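Using my numbering, read the sequence shown as starting at 7 and increasing by one per residue. Idealized CB from N, CA, C, for every residue including glycine. Values in this document were obtained by computation on a predicted structure and should not be read as measured data. Below is one structure, written out as C-alpha cells, with a few remarks after it.
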Amino acid sequence: AIIIDAVAETQQRDIGLIEELKLDLKYIIETHVHADHITSSCPLKQKFTNAKIVLGESNPVACADILIKDSENLKFGDYSLKAMSTPGHTDGCMSYVVDDKVFTGDALLIRSCGRCDFQGGSAEKLFDSISQLFTLPDETCVYPAHDYGGRTVSSIWEEKAFNEMIGGGVDKAEFVRRVNAMELSLPAKIHVAVPANQVCGSKIVTD
7 AIIIDAVAET QQRDIGLIEE LKLDLKYIIE THVHADHITS SCPLKQKFTN AKIVLGESNP
67 VACADILIKD SENLKFGDYS LKAMSTPGHT DGCMSYVVDD KVFTGDALLI RSCGRCDFQG
127 GSAEKLFDSI SQLFTLPDET CVYPAHDYGG RTVSSIWEEK AFNEMIGGGV DKAEFVRRVN
187 AMELSLPAKI HVAVPANQVC GSKIVTD
C-alpha cells in the first residue's frame, strides 16, 4: 500500500486502518511541503519501519528516503505510480498518477487551484502544470489534498469544464490575473507547519 499526504490529526485512524486491512505500507508520499497542516510521515515510518518517505526532487529535505523525479515510476503490489511534476502552488509540487486516478496535492483542487504567493509559488508555472494535468484522459479521477467544501473527488473532464479558475478554456493571462487577485491571508499554521514538514513531522517547533 501507499499513503499520500498523511496528516498528523488522522495518524491513529490511518495506522488502525493499515493494521486492520493487514496492508504492507511501502511508500509514504508527499505531494509537497505543506503549509496548512503537519504531516505524519515520520511517525508512520517509525510504526511501519519498511516504508519509505517520498517527495519530489525539488524538495531536498533530509528526511526523504526517495526524491522522485518527473515521470519516474514506483511499484507497489500490482500497481505502479507515476510522478508528474506540477510546480506552481509551490516550486516543489508533484502529482501522482495511479491507473485512472491522479492525486494532485494543492495544484489542482475541485473547482479551484492552489494559491501561489509563498514557497516559491508561480501562477504562470501553475497554469502550465494544470494544462499538463488536463492532458490526462477526461475520465481520470482527481483527488486533491483537501477540499474546504467537503468534496473528495472530481474528474479531469469536470475540472476542464467547470473549474472556476482555469476551466472553460481560460487563457494564461486571465488565469494569472485570477490567481494574483485571490488576496488570501496566510495559513494559520504556516510558521509551525512548514518547519515541521521540512523534517517530515518528526518534530514540531512552535517558537
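Next item on the list: Taking the CB atoms as reference points, tell me whether Gly-126 and Asp-106 lie closer together than 9 Å.
Entry: Numbered from its first residue, the sequence shown carries residue 126 at position 120. Numbered from its first residue, the sequence shown carries residue 106 at position 100. No, the pair does not count as a contact, with Cβ atoms beyond the cut-off.
Margin query: Short of 7 Å in beta carbon distance, which residues of its chain neighbour Asn-186, apart from the five on each side in sequence? Order them along the chain.
Written below: Position 180 of the sequence shown, counting from 1, holds the residue named residue 186. Its chain contains Ala-129 as the residues whose beta carbon lies nearer than 7 Å to that of Asn-186, once the 5 sequence neighbours on both sides are disregarded; these appear in chain order.
Checklist line | Spatial distance of Val-148 from Glu-63 (CA atoms) | finding: To locate residue 148, count along the sequence shown from 1; it is residue 142. To locate residue 63, count along the sequence shown from 1; it is residue 57. For Val-148 and Glu-63, the distance between alpha carbons rounds to 22 Å.
Margin query: Taking 8 Å as the cut-off, does the segment 16-36 touch the segment 165-174 (at least 3 CB pairs, one atom from each stretch)?
Written below: The answer is no - the segment 16-36 does not touch the segment 165-174, with fewer than three Cβ pairs under 8 Å.
Note to self: Counting C-beta neighbours from all protein chains within 10 Å, is the total for Thr-45 16 or more, i.e. buried, or is it exposed?
What the structure shows: Residue 45 sits at position 39 when you count from the first residue of the sequence shown. The residue is buried, with at least 16 neighbouring Cβ atoms inside 10 Å.
Next item on the list: Take the Cβ of Ala-194 as the centre, count every other Cβ of all protein chains shown within 10 Å, and call the residue buried at 16 or more, exposed below.
Entry: In the sequence shown, the residue the question calls residue 194 occupies position 188. By the neighbour-count rule (16 or more Cβ atoms within 10 Å), Ala-194 is not buried but exposed.
Item checked: Completely contained beta strand (DSSP E) runs for the segment 78-150, where each covers 3 or more residues -> Qualifying beta strand (DSSP E) stretches, in chain order: 79-82, 85-91, 100-104, 107-111, 147-150.
Check: By how many angstroms is the C-alpha of Pro-49 removed from the C-alpha of Thr-212?
Finding: As a working note, residue 212 is residue 206 in the sequence shown. As a working note, residue 49 is residue 43 in the sequence shown. With a pLDDT of 47 at Thr-212, under the threshold of 50, the predicted position of this residue should be treated as unreliable, though the coordinate-derived value follows. Counting only the Cα atoms, Pro-49 lies some 18 Å from Thr-212.
Next item on the list: Tell me where the alpha helix (DSSP H) around Gly-2 begins and ends.
Entry: Outside the shown range of the chain (7 to 213) lies residue 2, about which nothing can therefore be said.
Notebook entry, point to check: Under 9 Å, do Lys-88 and Val-67 count as touching if we go by C-beta distance?
Noted result: By 1-based counting over the sequence shown, the position of residue 88 is 82. By 1-based counting over the sequence shown, the position of residue 67 is 61. Contact flag unset, no.
Notebook entry, point to check: Should Asn-56 be labelled buried (16 or more other beta-carbon atoms within 10 Å of its own) or exposed?
Noted result: In the sequence shown, residue 56 corresponds to position 50, counting from 1. Under this definition Asn-56 is an exposed residue.
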